[in-house]
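Asks:
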Amino acid sequence: MIDAAINTLLRNASELAEKVKPSVERVNVVAGLPKLVFSRLPGTDRRYTDDGANGPFQARYQVDIFAEKLLEAVEIARRITSPADDTVFGLDGYRGTVASTFIHRVYFTNEHWTVGDTEVDGKQQTIPRYIIELIVEYRELQPPQAP
Amino acid sequence: MIAKVEGLAELRRKLATMGNQKTARKINRKAMRSGTAVMTKGIKNAAPVDEGILKKSIANKVAGRGMNITGIIGSDVAKLKQSAATDKTRPTNIDWLTEFGHVAPDGTFVPPSGRMRATASATLPASERKIVEVIKAELEKEAVR
């Protein structure tokens, strides 16, 4: 459910809609740019007490933005990492409920970029890529229990 | 990543005010080397293995001067270049490519493993405990001398 929540949040914040994909899907990142691919990184922290998992849980994500030009990727990254207010749907410090998941907080830990040449289909191509790393603290909401 | 270890700040203060600053710097470096070794072992164990080139290449070093030093962990590029010498198509930055993901020759995205970052977070407390242990032991040795 957290993956669905992150997918929705990134779609809204980046304004890329259908071009936002999870990395578990096979995503072609050299055609139909810009594209955004998000990957869940290992190491989700779950906090337990004697009553079970009471959260909040912490998950790490890597977001890769591919665009024709690096500046375009940077612009998308800025939209995502800007603080949420009435005019901009940024994710920095975001708090709210999405896809049955209560997000306590989203924060960005690192960002960097590459403009390396990659051999695709036997031809050298330059693919600008902007990488953002984020941590999300969340709690999955339980469906109402049957009496 | 930030982890607070009880006593580390106090121990570093003791080092900074030691009469013999040459010895203090030596202790500081030795402690950092031990702490970095703990994290390196964890990262090595978590490295994905196909031919084992990446795992073998993971190394560490302590950089910086005086009391401001940093432990660095990553692939030893010289070792990767050795494996690339026989096959020019092999990249020499496989640690980065596996950690952050890369674009495959068919244009699809190969997802990041994130193993290095996850292991670094997990082993950070043990690494810092080791630093404290070494500083304490070395200060005790100096006190007896």
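Line order of the protein sequences matches chains C and W. Residues in the first sequence are numbered from 32 upward in steps of one, following my numbering. Residues in the second sequence are numbered from -3 upward in steps of one, following my numbering. Each residue gets a CB set at the ideal place from its N, CA and C atoms; glycine is no exception.
Does any residue of chain C have a CB that is nearer than 8 Å to the CB of W:Arg113?
Replies: On the second sequence, residue 113 of chain W is found 117 positions in, with the first residue counted as 1. Cβ-Cβ to chain C under 8 Å: yes for W:Arg113.
Asks: Can you pull the chain W neighbours of C:Ser131, defined as C-beta to C-beta under 8 Å?
Replies: For this step, residue 131 of chain C is matched to residue 100 along the first sequence. Those do not exist, as C:Ser131 stays about 25 Å from chain W at its closest Cβ, beyond 8 Å.
Asks: Between W:Ser117 and chain C, is the shortest Cβ-Cβ distance under 8 Å, so that the two count as touching?
Replies: As a position in the second sequence, residue 117 of chain W is number 121, starting the count at 1. True, the Cβ-Cβ gap to chain C drops below 8 Å.
Asks: Do you know offhand how far W:Leu7's Cα is from W:Ile131's?
Replies: Here residue 7 of chain W corresponds to residue number 11 of the second sequence, with the count starting at 1. Here residue 131 of chain W corresponds to residue number 135 of the second sequence, with the count starting at 1. Using only the alpha carbons, I get a separation of about 7 Å.
Asks: Alpha carbons only, please: which of C:Gly147, C:Ala62 and C:Asn141 is nearest the one belonging to W:Gly103?
Replies: Position 107 of the second sequence, counted from the first residue, corresponds to residue 103 of chain W. Measuring from the Cα of W:Gly103, the nearest candidate turns out to be C:Ala62.
Asks: Whole angstroms are fine: how far does the CA of W:Arg141 sit from the CA of W:Asp91?
Replies: On the second sequence, position 95 is the one that residue 91 of chain W refers to. On the second sequence, position 145 is the one that residue 141 of chain W refers to. Roughly 44 Å between the two C-alpha positions.
Asks: May I ask you to list the residues that DSSP assigns as paired with W:Thr104?
Replies: As a working note, residue 104 of chain W is residue 108 in the second sequence. In the DSSP output, where bridge partners are listed per residue, W:Thr104 has C:Asn59.
Asks: For the region 36 to 65 of chain C, which residues have a CB atom closer than 8 Å to at least one CB atom of chain W, in sequence order?
Replies: Going along the region 36 to 65 of chain C in chain order, one finds Ser54, Val55, Arg57, Val58, Asn59, Val60, Val61 and Ala62 with a Cβ nearer than 8 Å to chain W.
Asks: In the DSSP assignment, what residue or residues form a beta bridge with C:Arg170?
Replies: Sequence index remark: in the first sequence, residue 170 of chain C carries index 139 (1-based). Note: C:Arg170 sits in a beta bridge opposite C:Phe133.
Asks: As a quick exercise: from C:Val94, C:Thr75 and C:Val151, pick the residue whose alpha carbon is nearest that of C:Ala44.
Replies: Here residue 44 of chain C is taken as the residue at index 13 of the first sequence, counted from 1. Selected option, being the one with the closest Cα: C:Val94.
Asks: Comparing the C-beta of C:Leu72 with each C-beta of chain W, is any distance below 8 Å?
Replies: The sequence position of residue 72 of chain C within the first sequence is 41, counting from 1. Closer than 8 Å: yes.
Asks: Leaving aside the five residues before and after W:Ser79 along the sequence, list all residues of the same chain whose C-beta is less than 7 Å from its C-beta, in chain order.
Replies: As a position in the second sequence, residue 79 of chain W is number 83, starting the count at 1. Around W:Ser79: Ile49 and Arg86.
Asks: Going by other Cβ atoms of all chains shown within 10 Å of its Cβ, with 16 needed for buried, is W:Ile68 buried or exposed?
Replies: Walking along the second sequence from the start, residue 68 of chain W turns up at place 72. W:Ile68 is exposed by the Cβ-count criterion.
Asks: Going by the DSSP bridge assignment, what does C:Thr75 pair with across the sheet?
Replies: On the first sequence, position 44 is the one that residue 75 of chain C refers to. According to DSSP, which records beta bridges pairwise, C:Thr75 is partnered with nothing at all.
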